[in-house]
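J.: Everything in the sequence shown is counted per my numbering, starting at 3 for the first residue and increasing by one. Below is a structure I'd like to ask you about.
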Amino acid sequence: MIVTRNAELNQSMNVQSMAQSIVRAHQATLALPLVPGAQPLKGDAGDMVFAAALQAAHLLGFVPADALCLAQAWSQQSLRTGEFHPEQWPTEAVDFGMAPWPRQHAFASCPQALGLYAVMPDAAWTIRMARAGVPTVQLRFKSGDASAVRAEVMATVAGVQGTGARLFINDHWQLAIEAGAYGVHLGQEDLQAMTPAGLKAIKDAGLRLGLSTHGYAEMLIADQHSPSYIAMGAVFPTTLKQMATAPQGTGRLAMYAKLLCNYPRVAIGGIDLASLPAVLGSGVGSVGVVRALMGAADPEAEVAVWQAALPQN
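Below, the structure is given as structure tokens:
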């Protein structure tokens, strides 16, 4: 019994040591403040890598669902490579259980780099940005008035014709299909509310599908649908909407981008011209912008500035 207890104690100490080594290696780039009252998950010390990574993810401020995804990936990575290196943050899709590419039943593709992506609240702003030369635009019109929603979607689709802009419609997928939009964008709550028949209708119509994510667990959910692109955020604090998760920062964004390397990736949330180089350095090919364009004294001139700052394909 004494030997068993000593073995258990040594195992626990080794797990803590491994967890601390992960934290030290990544604290500067990936750590976020712990949510007040957040309780760590406990993993079976029989899988020391899993248990250590779970503990480390909590200490680095990952929410429980994301911490669990990371712990599983660390464990799979160590089994695949036969080694444990605290510096080697998991970024291989196979370690997260993601299916390989190409995929037969994926949504229609879109360019790997969508460029400047303006997310606008109504038809007037969406059309204005498309005519100003923004290559990708999204109508995010929120209203409980069905006739108003229809009018906005139809007006936007008609208004962007001839501009070359790729138009995504947020949420209102039936109208997007009817009007012939380029694609549909869904947030996580919208995705959860979708039926398989609805997703199939979007795919069968040939529309692209973009999905919002805010961490590893949501990325893996999004990946199961093989969308046309995946949006990641919020990168920085934003006052435009109440976010369920803390701003992720460019360090996490870079790791997310590596994991999602087979997708066009859109970074969104509080991005301005000053932070743009760091965001682009993470490996994303598109930047979602709202306030930086709408709040500008001359939005058309601001579009030109952003376009000049972004790589041109």
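Every residue gets a Cβ at the ideal spot worked out from N, C-alpha and C, and that includes glycine.
(1) Can Ala310 and Glu304 be called in contact, C-beta distance under 7 Å?
(2) Could you check what DSSP says for Ser288 in three-state terms: helix, strand or coil?
(3) Within its chain, find whatever has a CB closer than 7 Å to the CB of Ala58; leave out the 5 residues flanking it on each side and keep chain order.
(4) Can you tell me whether Cys112 is buried or exposed? The criterion is at least 16 other CB atoms within 10 Å of its CB, across all chains shown.
(5) Verify whether the separation of the beta carbon atoms of Tyr265 and Ile223 is less than 7 Å.
(6) If you compare alpha carbons, which of Glu85, Ala148, Ala150, Gly161 is closest to Gln140?
(7) Using 7 Å as the threshold, is the C-beta distance between Phe319 and Ser80 below it?
(8) Anyone know if the C-beta pair for Ala276 and Leu255 falls short of 7 Å?
(9) How would you call Trp103, buried or exposed, if buried means at least 16 neighbouring beta carbons within 10 angstroms?
(10) Leaving aside the five residues before and after Val281 along the sequence, list all residues of the same chain whose C-beta is less than 8 Å from its C-beta, in chain order.
(11) Could you give the uninterrupted runs of the beta strand (DSSP E) lying entirely in the region 211-235, keeping only those of 3 residues or more?
(12) Would you give the residue range spanned by the beta strand (DSSP E) that Val268 belongs to?
(13) For the 8 Å Cβ check, are there 3 or more pairs between the region 161-172 and the region 130-144?
(14) Secondary structure at Arg168, three-state DSSP: helix, strand or coil?
(15) Got a sec, what are the start and stop residues for the beta strand (DSSP E) His60 sits in?
(16) Please return the same chain residues whose Cβ sits closer than 6 Å to the Cβ of Ile179, not counting the five positions on each side in sequence.
(17) Can you list the beta strand (DSSP E) stretches of 3 or more residues lying completely in the region 98-147, in chain order?
(18) Just to confirm, is the Cβ distance from Ala53 to Gly45 under 7 Å?
(19) Using CA coordinates, which residue listed in Tyr119, Gln314, Arg82, Pro239 is at the minimum distance from Met296?
(20) Where does the unbroken beta strand (DSSP E) through Gly185 begin, and where does it stop?
(21) Taking the straight line between their C-alpha atoms, what separation do you get for Pro279 and Leu56?
(22) Are the region 143-151 and the region 188-208 touching by the rule of at least three beta carbon pairs closer than 8 Å?
(23) Asp316 lies in the alpha helix (DSSP H); which residues open and close that run?
(24) Report the option in Gly212, Ala203, Met196, Gly166 whose CA atom is closest to the CA atom of Gly185.
T.: In this structure, then:
(1) no
(2) strand
(3) Ala21, Ile24, Val25
(4) buried
(5) no
(6) Gly161
(7) Outside the displayed range of the chain (3 to 315) lies residue 319, so it cannot be described from this structure.
(8) no
(9) exposed
(10) Val237, Thr252, Leu255, Ala269, Ile273, Val289
(11) 231-235
(12) 267-270
(13) yes
(14) strand
(15) That residue, His60, is in no beta strand (DSSP E); its alpha helix (DSSP H) goes 50-61.
(16) Ala207
(17) 117-122, 138-141
(18) yes
(19) Tyr119
(20) 185-188
(21) 32 Å
(22) no
(23) Nothing in the structure corresponds to residue 316, since the chain is present only between 3 and 315.
(24) Gly212
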